[in-house]
Structures are given as structure tokens and as C-alpha cells.
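Enquirer:
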Amino acid sequence: MRTKFTSIFFGLLASSTVHSITLAGGNPAEPIIPGEVIVRADSAETLATTLATLAADFVNVGVVDQITGRPIYLISYGLTGAQTPQDVATRIDALIAARTIPWGELNYVGQTGEGKTDSLWLSGVGFSAETFANQYAVPMLGIELAHERSRGAGVVIAVIDTGIDASHPVFNGRVSPAGVSFVPGSPSSGDVGDSIDNDGDGLVDEQVGHGTFVAGLIHLVAPEATILPVRVLDSDGNAGTFQIARALAWAVDRGAHIANMSLGETYRSQALEDVVGEAQTRGVAVFGAAGNSNTDDPREFPACDGSATGVSALDWNDVKAPFSSFGDRIDLAAPGHTRLKKGVPVPSQSIVGPVPGGGYAAWFGTSFATAFTSGTAALVRAQHPEWPSKSVPAGLIRYTLTATLGATGVAVDATNPVYAGLLGQSRISAFGAVDVGPPAPPLGDLDLDGGITAVDLSILLEAWGPTPNGHRADLDASGDVGAADLSLLLYAW
Ligand SMILES: [Ca+2]
Ligand SMILES: [Ca+2]
Ligand SMILES: [Ca+2]
Ligand SMILES: [Ca+2]
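The numbering of the sequence shown is our numbering, which starts it at 49 and goes up by one.
1. Kindly indicate the opening and closing residues of the beta strand (DSSP E) around Ser360.
2. Taking Ala295 as the reference, give the member of Asp322, Tyr315, Arg316, Ala273 with the closest Cα.
3. According to DSSP, is Asn340 helix, strand or coil?
4. Just curious, the beta strand (DSSP E) that Ile266 is in, first and last residue?
5. Can you check DSSP and say which residues form a bridge with Trp151?
6. What is the C-beta distance between Pro13 and Arg88, in whole angstroms, given that I count them as a contact (C-beta under 8 angstroms)?
7. Which term fits Ile144, buried or exposed, when burial requires 16 or more other beta carbons within 10 angstroms of its beta carbon?
8. Is Ile212 near ligand 3 - that is, is its Cβ less than 7 angstroms away from at least one heavy atom of it?
9. Ligand 1: which residues have Cβ under 7 angstroms from any of its heavy atoms, chain order?
10. Using a 10 Å radius around the Cβ and a threshold of 16 neighbouring Cβ atoms, would you call Ser91 buried or exposed?
11. If you run the structure through DSSP and keep just helix, strand and coil, what is Val543?
12. Which residue from Phe479, Leu380, Asn220, Ala201 puts its Cα closest to that of Gly406?
13. Should Val529 be listed as close to ligand 6, given that the test is whether its C-beta is under 7 angstroms from any heavy atom?
14. Hey, could you find the ends of the beta strand (DSSP E) Gly375 is sitting in?
15. Quick check on DSSP: helix, strand or coil for Val66?
16. Quickly, what does DSSP pair Gly126 with across the bridge? List them, please.
17. Taking the beta carbon of Lys389 as the centre, do at least 16 other beta carbons fall within 10 Å, making it buried, or is it exposed?
18. Can you list the residues near ligand 4, meaning Cβ strictly closer than 5 angstroms to any non-hydrogen atom, in the order they appear in the chain?
19. Quick check on Arg197: buried or exposed, where buried means 16 or more other Cβ atoms within 10 Å of its Cβ?
20. How do the segment 235-252 and the segment 282-289 stand: do at least 3 beta-carbon pairs fall below 8 angstroms, yes or no?
21. So does Leu494 have its beta carbon nearer than 7 angstroms to some heavy atom of ligand 3?
22. Cβ of Gly555 versus every heavy atom of ligand 3: is any distance shorter than 7 angstroms?
23. For Ala226 and Gly527, which I take to be in contact (beta-carbon distance under 8 angstroms), what is that distance rounded to the nearest angstrom?
24. Going by the DSSP bridge assignment, what does Phe349 pair with across the sheet?
25. Taking CB distances under 8 angstroms as the criterion, tell me whether Ala206 reaches chain D.
26. Could you check if Asp376 is buried or exposed, using at least 16 other CB atoms within 10 Å of its CB as the buried criterion?
27. Quick one: any contact between the segment 230-241 and the segment 268-283, if contact means 3 or more CB pairs under 8 angstroms?
28. Confirm the yes/no value for this check: CB of Gly288, any heavy atom of ligand 2, distance under 7 angstroms.
29. What would DSSP say about Thr274, mapped onto helix, strand or coil?
30. For the alpha helix (DSSP H) holding Asp322, just list the boundary residues, first then last.
31. So, for Gly498: in the same chain, excluding its five sequence neighbours on each side, which residues have a beta-carbon less than 8 angstroms away from its beta-carbon?
32. Examine the Cβ distances between the segment 327-337 and the segment 410-424 and report whether three or more of them are shorter than 8 angstroms.
33. Do Thr160 and His258 count as a contact pair if the criterion is CB distance below 8 angstroms?
34. Skipping 5 residues on each side, what residues in its chain have a beta carbon closer than 7 angstroms to that of Asp35?
35. If the criterion is Cβ atoms closer than 8 angstroms, does the pair Phe349 and Leu320 meet it?
36. In the DSSP output, which residue or residues are listed as bridge partners for Lys389?
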């Protein structure tokens, strides 16, 4: 039973120090990953110049990695003598000033909001599949009524997190088998620990379960959406910015419609900004957690990125959760708080989600408000398989989804006078959001005529084979149209 629920200050990475480096991103609270710098170099020549410039002053300079298909590189460096990462930042700044590269930055750490405050899930108090299905957010958001118009069929949601325990019975086969892991040295997309205190804060594997919990809430809202596990946060809930950006880029390339990013960093990374901007342009809606620091300064990214949708957390009375960050860059609000009595969650006022191993637990945080919002966006997205279209081109899909959720939700300024305008346009309503759109086509309805017939079957057979960039007939988002998709279609017949 895990009952640690304190908010002690986040322990810094054991192997690094906070440096007051002021590149593009201001004065972030997060540590950096030592020995790593991210640069965008648009040609082989400028990349070579960058490497040569760094190699003149530092040791072990070389390209470690690249975000596939983008001129964004992870470069290693080693320090000697009295050198500090600030010296590297100074060289990078000079390269930017000389217009050799458009930007470059140290590799800051992003993490779950919950990990930042050492908030852990609570189990052992009798939560079950029933308390999960009947939690307060379900009637509050009108989820059951919403399902009469949309269940999220045909929508792929990338969950960029700690991985997902796809074997948890709650998922009922809706987790894609084609998940990926960007956690160095750990290829599984499962939500697993390594028995190591990776961030040196005295807690071991403290964020295992985060991705499973988040994915479970998304599935609760959008049970026919396909969830694509993109594991990037380690078992203690942390990842370098480079890995976070490449995880999102991967999800975009794989044809995800929505990316749930229940994570953040106060460093305003150009790498992340580039990829979030690309996601929006290509029609992928990114949802980010406002953060659990009860502040509007510093802002958390990607939540506060203009190309992503930021989500704050409220309680069962639509009152701001005490921990929730806020600000005029936050777009929407959703339930994310759990009431504790003497440290024990009150089931009727709890956010309940699945945890690895088959059980359920309670938790609270803006991560979970974000999950409810991504799920609701998936319901709306499923109502519009024609997007991108003339009226809603790819670059307007995220905006349109967010505007729909904002306009159809419940106003919260009256219940939060101190935070008027700082928690988002409204607290979302799943029923309200789908009520303004047409009924969504059912799972397997590939020609979008409202039924599953031989026409849909022939579309599926015609698409048979690899579909690495996504295809509507790839019902399980596995990267190809095959037997698994056929059986899903026949099951829905
Ligand atoms: Ca730890
Ligand atoms: Ca660990
Ligand atoms: Ca059909
Ligand atoms: Ca497939």
C-alpha cells in the first residue's frame, strides 16, 4: 500500500546540478541532463560547423541521436577543468547570434506533475472496476449520455507517458500492440519499474502506473478509441526534452489524432516548441497538463505552448484543485482532484484509475484532468472523420476541438472568482461537446455510411498491408492492416 502523499520539494537529479542558464527558456526549475545539448541544424554544413565549434572547447563532442526526419540533433559534450554547462550554452548562443543555427539548448528534464511533487497513487482502500466506472467525473462530464453519440471509434490517441500495462482487463483490447519506448535501455512500452531511484529523490519507481492510470481515464471517456503507448518517461517519471520531443514526433508520424502529454517542464524548449507546432500544422491535437505547482509562474510546457491545449484541474464542485497551476495560457478545465479524509481517499470524491497488475487506485493531479480532456476531444474527433476538410483544415483541427470543448462546457469563473479567466474557458462536458456534432460512425465503418457492410470489408481488404503513417482501416493502430483489424471489423459487423 502506497500512502506517501506529501509534497516535499522535488529532489534534483543525483548526478546533476541546477544551473541558472538563461538560454531562450528563461530560468527553469528543472535540472539538465549533463553532457547533452540539442540543436537544430538545417544543413550538413551548419551541423559540421556546430560540431567543430563545440569540439574546439570541449571533449567528446559528437552527434548522439536525431529526431527522425527533422534536423534536430542531440549532441554530446564533455567538460574539463573548471568548465560548466554555462560555457556550452555560451558557445551555442554565439552560434545562434552568427545565424549558424536557429536555436540550440541544453537538454532539460521534463516530468509528470505528480512526480514533481512526489504525489503517488493510493491503493489498498477497496477501489474496484465499479468505483472506476462510477467515479464522480462520469456523471459530471455526462460520459454515459455522450456515448450515445460517440465512443471515439477510429481515433488514435498517443499517450506519451510512463508506458501502459496493456494487459489490464480495463482496456479490453483497445491498446495498440504497436507501442514504442524512448526510455534509454528499456525497450518495453509497458508501465514497468527498474528498481532504481533514477532521480535520486529517495523514492524508487515512484511514477510507475502513471501512464496506465492516464490511459485508463482516456479509455473511460472514449472506449472505442485506440490508445497508442508512447513510453518516454522513466519509472521515476522523468525524461530529457529531446526524448519528449522525439516521442511526439513519432506519434505524429504514426498517424495519431490526439497526443496526451500529462507531463511538463518550465523550461521553454525550442525542440518541444518546434515539434508541438508541427503537430498542430499536421492536424494532431496536443493536450498538456497545467502542472501541480499552484502557480502561473513559471509556466509549464507544452501546456502553455500556443500550439497545444493546456488543462487545469478542478474538484467535484468545479472549484480549482489546490495544487492546480493556472494562467491565461490555460485553455480548459476538467476534474482532477481527490478528497482525502485523514489521508484516505473518499471514494465518491476520487479520481479512480487502473494501475499495473489489474487493480485500481485513486490519485489526483492535472495529469488526470488532461486525460479526461483528451478523451473528450477524441469523442468529438470521431464525429468528424472528414477532417481535415475545406472548412477545418489540418492546421485548425486542434483549435476547433478546443473551441468546441470550451464553448460546450460549464462556466467556472463564478465558482472560482479569484481565478476568473485563469483556469480555461470552461470545465469540459463530454455530453455537451458531442451534442453539437453529428453521431460518430461506428467502429469499422470505413466508408462512413453509418453501418458495417461488405463495402467496409472491401475497403479494409484493399488497404491490406503496411500503413506506417496511419490509415482508418488500421483499427488497432498497429502500423498495418491485417488479421487483427479484420476481426475487429467483423466483430463490429
Ligand atoms: Ca525517484
Ligand atoms: Ca526507477
Ligand atoms: Ca459502412
Ligand atoms: Ca492493424
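Just so it is clear, CB atoms sit at the ideal spot from N, CA and C, and this is done for glycine as well.
Fair warning: this is a prediction, and the values are worked out from it, not measured in the lab.
Expert: The answer reads as follows:
1. 357-362
2. Asp322
3. In the structure shown, Asn340 sits in coil (DSSP, three-state: anything other than H, G, I, E or B).
4. Where Ile266 is concerned, there is no enclosing beta strand (DSSP E), although the alpha helix (DSSP H) it sits in stretches over 258-269.
5. In the DSSP output, where bridge partners are listed per residue, Trp151 has Arg88.
6. Not covered by the structure: residue 13. The range shown for the chain is 49 to 541.
7. buried
8. Short note on Ile212: C-beta not closer than 7 angstroms to any heavy atom of ligand 3.
9. Asp245, Asn246, Asp247, Gly248, Asp249, Gly250, Leu251, Val252, Glu254, Asp284
10. exposed
11. With the chain represented from 49 up to 541, any question about residue 543 goes unanswered, as that position is not in the structure.
12. Asn220
13. With respect to small molecules bound, the structure shown includes ligand 1, ligand 2, ligand 3 and ligand 4 and not ligand 6.
14. Taken as a continuous stretch (DSSP letters only), Gly375 belongs to no beta strand (DSSP E), as it is neither H nor E.
15. The predicted model places Val66 with a pLDDT of 29, which falls under 50 and marks its position as unreliable; any figure quoted below should be read in that light. The answer is coil: DSSP assigns Val66 none of H, G, I, E or B.
16. Val107
17. Looking at its Cβ environment, which holds fewer than 16 other Cβ atoms inside 10 Å, Lys389 is exposed.
18. Around ligand 4, the residues selected by a Cβ distance under 5 angstroms to any of its heavy atoms are Asp522, Asp524, Ser526, Asp533, following chain order.
19. buried
20. Judged by Cβ distances under 8 angstroms, the segment 235-252 makes contact with the segment 282-289, as three or more pairs qualify.
21. Ligand 3 has a heavy atom closer than 7 angstroms to the beta-carbon of Leu494.
22. Beyond the ends of the chain as shown, which are 49 and 541, falls residue 555; an answer cannot be given.
23. By a beta-carbon distance limit of 8 angstroms, Ala226 contacts Gly527. Their separation comes to about 5 angstroms.
24. Glu313
25. Within the model displayed, chain D is absent; a lone protein chain is all it includes.
26. By the neighbour-count rule (16 or more Cβ atoms within 10 Å), Asp376 is not buried but exposed.
27. yes
28. Answer for Gly288: no, Cβ out of range of ligand 2.
29. Under the three-state reduction of DSSP output, Thr274 falls in the strand class.
30. 318-329
31. Pro487, Pro489, Pro490
32. yes
33. Cβ atoms of His258 and Thr160: closer than 8 angstroms.
34. The displayed coordinates of the chain run from 49 to 541. Any statement about residue 35 would go beyond what the structure contains.
35. yes
36. Val392
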